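Note that UniProt numbering has the sequence shown beginning at 1, numbered continuously upward.
Think of the CB as a built atom: it goes at the ideal place given N, C-alpha and C, for glycine as much as any other residue.
Note that the structure is a prediction, hence the values are computed from the model and not measured.
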Amino acid sequence: MFSFFRARLRKYVLEEVWIEDYIKMGMRIGDNCSIQPGVTFDYSHCWLIKIGNNVTIAPQAYLLTHDASTKREKKYTKVGSITIEDNVFIGARALIMPGVTIGQNSIVAVGSVVTKCIPQGSIVAGNPAKVISSIEKYMEKTEMLMDSAKVYDASYTISGNISSQDKAKMYEELINKIGFVV
1 MFSFFRARLR KYVLEEVWIE DYIKMGMRIG DNCSIQPGVT FDYSHCWLIK
51 IGNNVTIAPQ AYLLTHDAST KREKKYTKVG SITIEDNVFI GARALIMPGV
101 TIGQNSIVAV GSVVTKCIPQ GSIVAGNPAK VISSIEKYME KTEMLMDSAK
151 VYDASYTISG NISSQDKAKM YEELINKIGF VV
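Here it is, written out as structure tokens:
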């Protein structure tokens, strides 16, 4: 009960914008989406944003539907839609610029700046973002890596109440290595 009131207080006192506010303004979000804390949607033209089903947007990503660089000289601001198709993962601190479609089954790497449309089934990274792999090749590499990597069950997560001993064990096992957790 306290969490509910604390959240409402933050919304009104700090003037936080919630997903529901964006939807009321016309932004469209599909089913089974995971929008992590700190994601920023361009409130000024949020109705130009459409997010498909099964999309994950990691913390502090930014979806920008306008570019005001022309405002002073031309008296107009450029605007463009952002379409994120189904089954897309957008990494932390990625920046999605106006006029972009991210094709289904794609991954946008951490910190990428997406300035052009991304073909479906692609992995992009960099500034500006460029295709670095296909999903198919990436999953093949991941499968091979999983065969030799340490794999952890749900007890190795916060929601699985990981113990201090298992935290230390996991840390030691992953020094200079990659593992996988459910």
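Distance between residue j and residue i (C-alpha atoms, nearest Å)
i    : j    : result
G30  : V110 : 22 Å
L174 : A154 : 17 Å
K167 : N53  : 34 Å
N26  : A61  : With the sequence shown as reference, residue 26 is identified as Gly, and Asn is not the correct amino acid for it. Straight-line Cα distance between these residues: approximately 20 Å.
A58  : R72  : 33 Å
I135 : K116 : 18 Å
N127 : S164 : 39 Å
A179 : M144 : Just to set this straight, residue 179 is Gly in the shown sequence, not Ala. Each residue's Cα considered, the two are about 12 Å apart.
K50  : R28  : 5 Å
G160 : W18  : 28 Å
E20  : E172 : 42 Å
I162 : I107 : 29 Å
Y43  : Q36  : 17 Å
S34  : N176 : 29 Å
Sub-8 Å separation of residue i and residue j beta-carbons
i    : j    : result
G103 : S122 : yes
V114 : I96  : yes
F41  : L63  : yes
T70  : L48  : no
Y22  : C46  : yes
S112 : A94  : yes
DSSP bridge partner residues for residue i (one or two, in chain order)
i    : result
A125 : K130
V182 : Answer by DSSP bridge pairing: none, since V182 is not bridged.
T40  : Y62
R93  : None; R93 has no bridge partner.
Y152 : V181
S112 : Its beta-bridge partners do not exist; DSSP assigns none.
G34  : The residue asked about is misnamed: residue 34 is Ser in this sequence, not Gly. Bridge partners of S34: T56.
Nearest-angstrom Cβ-Cβ length linking residue i and residue j, presumed shorter than 8 Å
i    : j    : result
V181 : Y138 : V181 to Y138, Cβ: 18 Å. No contact.
T83  : T56  : Contact doesn't hold; Cβ gap of about 16 Å is too wide.
P98  : D67  : 6 Å
First through last residue of the beta strand (DSSP E) which encompasses residue i
i           : result
residue 235 : Outside the shown range of the chain, which is 1 to 182, sits residue 235, and nothing can be said about it.
K50         : 49-51
T83         : 82-84
V100        : 100-102
Enclosing alpha helix (DSSP H) for residue i [first to last residue]
i    : result
T142 : 135-148
I19  : 19-24
K167 : 164-173
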